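Numbering-wise, the numbering used here comes out as the position in the sequence shown, counting from 1, plus 3.
Virtual Cβ for every residue (Gly too), placed ideally from N, Cα, C.
All values reported here derive from a predicted model rather than from experimental measurement.
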Amino acid sequence: MSDPSAASIVSTPRPEQPSEIGTPTAGPPESARAQHKPRGLLGDAWRDLRRKPLFWISAAFILVFVLMAAFPWLFTSGDPVNGSLARSREEPSAAAWFGYDVQGRDVYARTIYGARASILVALLSTMGTLLIGGAMGIVAGYQGGWIDGLLSRIADIFFGLPFVLGAIVILTTFNGSGSDNNEWQIMGLVILSLVVLMWPVVMRLMRSSVLATKEADYILAARALGASTSRIILKHLLPNCLAPLLVYGTIMVGSFIGAEATLSFLGIGLKTPVVSWGIMISEAQNYIRVSPHLLFFPAAFLVAAVLSFVMLGEAVREALDPKLR
4 MSDPSAASIV STPRPEQPSE IGTPTAGPPE SARAQHKPRG LLGDAWRDLR RKPLFWISAA
64 FILVFVLMAA FPWLFTSGDP VNGSLARSRE EPSAAAWFGY DVQGRDVYAR TIYGARASIL
124 VALLSTMGTL LIGGAMGIVA GYQGGWIDGL LSRIADIFFG LPFVLGAIVI LTTFNGSGSD
184 NNEWQIMGLV ILSLVVLMWP VVMRLMRSSV LATKEADYIL AARALGASTS RIILKHLLPN
244 CLAPLLVYGT IMVGSFIGAE ATLSFLGIGL KTPVVSWGIM ISEAQNYIRV SPHLLFFPAA
304 FLVAAVLSFV MLGEAVREAL DPKLR
């Protein structure tokens, strides 16, 4: 490797540059200086992501699903709730692309509107899990001692609860057959159950990142300069511990979409009048042989949504992990 100091001393002028002493020379253009500007972790990750077709494919699918959840009327003008029994279990046709369900409702309209509940529950559950688990992981990893031991033992208790069993206990208690909860209350209870049962995973992930980072030189220097605990956590620890949390959060959205569909299929998750892919799959389970289209279309959208978020998480993980570049 050449010595940059020597190269700067012994240099041959370019043909287009004047060689006379005292003649001013122009500096590098702004574009060249911007091109050689050092990038951070997120800048390097974005540079790698732009080169991955997997990232663009998954991001395109996710964008479509988000638009379906936010603006379903852009994709269909059908009624997802009301139907006519005269059209019960009609096959897909030009009038109804995905056919009609048992109660004569448009399956295409219900599939489009079903994205709202599934994606909304998954996003809010992921945000709540990351906030609670991340905050407890930072406190446990940075403080250590008896606080770390207490929070770790509480997390172990929740780790010992099977997910389906814990969800059954929570949802049957507050959202049983005799309850009269409205649409938002039902969705809130499902979100609460997912957050309560899944925060220990994020807590341990954040705790391990904090333990590996808090003894770094810049943390010790900030502590020696008299920085407060809150400043060290917010300005130094948190930005350097967000990479694994960002990757896991992206994958968690897809996992929560599947978890919501599982709970709705078992009859303990979302319920009517909510429209979701899990409810549609649960209603179609008795008609798989005679009307397979009732199951195929919502299941296909569910699988595509889960795979899109999982593939995006894998692409982000490869971009943020220097060992995989």
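| Check | Outcome |
| --- | --- |
| Which of helix, strand or coil DSSP assigns to Asp-109 | strand |
| Enclosing alpha helix (DSSP H) for Ala-98 [first to last residue] | Element bounds for Ala-98: n/a, residue is neither H nor E. |
| Start-end ranges of the alpha helix (DSSP H) lying completely within the segment 278 to 317, minimum 4 residues | 280 to 287 |
| Enclosing alpha helix (DSSP H) for Arg-210 [first to last residue] | 186 to 216 |
| Alpha carbon of Tyr-290 to alpha carbon of Leu-200, nearest angstrom | 33 angstroms |
| Segment contact, 8 angstroms Cβ cut-off, at least three pairs: the segment 304 to 312 with the segment 256 to 276 | yes |
| Extent of the continuous alpha helix (DSSP H) to which Arg-156 belongs | 148 to 162 |
| Alpha-carbon spacing of Gly-147 relative to Gly-229, whole angstroms | 20 angstroms |
| Straight-line Cα distance separating Ala-287 from Phe-299 | 9 angstroms |
| Helix, strand or coil at Pro-16 [DSSP, three-state] | Reliability of the predicted coordinates at Pro-16 is poor, the pLDDT of 44 falling under 50, and the value obtained from them is presented with this limitation in mind. If DSSP states are grouped into helix, strand and coil, Pro-16 belongs with coil. |
| 6 angstroms Cβ shell around Ala-225 - same chain, five flanking residues per side excluded | Ile-235 and His-239 |
| Residues near Ile-271 by beta carbon distance below 7 angstroms, same chain, minus five either side | Ala-170, Ile-171, Leu-174 and Thr-175 |
| Bridge partner(s) assigned by DSSP for Tyr-145 | Per DSSP, none; premise fails for Tyr-145. |
| Local Cβ density within 10 Å of Leu-178, reported as buried at 16 or more and exposed below that | For the record, residue 178 in the displayed sequence is Asn; it is not Leu. When all chains shown are included, Asn-178 counts as buried. |
| Short Cβ contact (8 angstroms threshold) for Val-319 with Leu-208 | no |
| Contact belief for Met-190 with Leu-133 at Cβ below 8 angstroms, rounded distance in angstroms | Their Cβ separation, rounded to whole angstroms, is 19 angstroms, which puts Met-190 and Leu-133 out of contact at 8 angstroms. |
| Between the CA atoms of Val-105 and Leu-1 - distance to the nearest angstrom | Residue 1 cannot be examined here, being either before or after the span of the chain that is shown, 4 to 328. |
| Of the residues Pro-83, Val-193, Leu-126 and Pro-242, the one placed nearest Ser-312, counting alpha carbons only | The sequence shown places Phe at residue 312, rather than the Ser named in the question. Cα-wise, what sits closest to Phe-312 is Leu-126. |
| For Tyr-221, the first and last residue of its enclosing alpha helix (DSSP H) | 220 to 227 |
| Cα-Cα separation, Val-110 to Leu-123 | 20 angstroms |
| Straight-line Cα distance separating Gly-152 from Gly-117 | 42 angstroms |
| For Leu-241, the first and last residue of its enclosing alpha helix (DSSP H) | 241 to 268 |
| Nearest-angstrom beta carbon gap, Gly-136 and Val-69 [assumed within contact, 8 angstroms] | In fact, because the Cβ distance is near 24 angstroms, the residues do not count as touching under 8 angstroms. |
| Sequence-distant residues of its chain with Cβ nearer than 7 angstroms to Ser-128 (five each side left out) | Ile-194, Leu-197, Val-198 and Phe-259 |
| Beta-ladder partner(s) of Tyr-116, from DSSP | None, per the DSSP bridge assignment. |
| For Thr-175, the first and last residue of its enclosing alpha helix (DSSP H) | 166 to 177 |
| Straight-line Cα distance separating Ser-180 from Met-255 | 29 angstroms |
| Minimum C-alpha distance to Pro-95 - residue among Leu-297, Ser-233, Phe-166 and Ala-264 | Leu-297 |
| Expected contact under 8 angstroms - CB spacing of Ser-267 and Gly-281 to nearest Å | 3 angstroms |
| Cutoff 6 angstroms; reference Ala-99; Cβ partners in own chain excluding five residues on either side | Asp-109 |
| Assumed close pair Val-278, Pro-83 - CB separation to whole angstroms, cut-off 8 angstroms | 5 angstroms |
| Beta-carbon spacing of Val-213, Gly-144 below 8 angstroms | yes |
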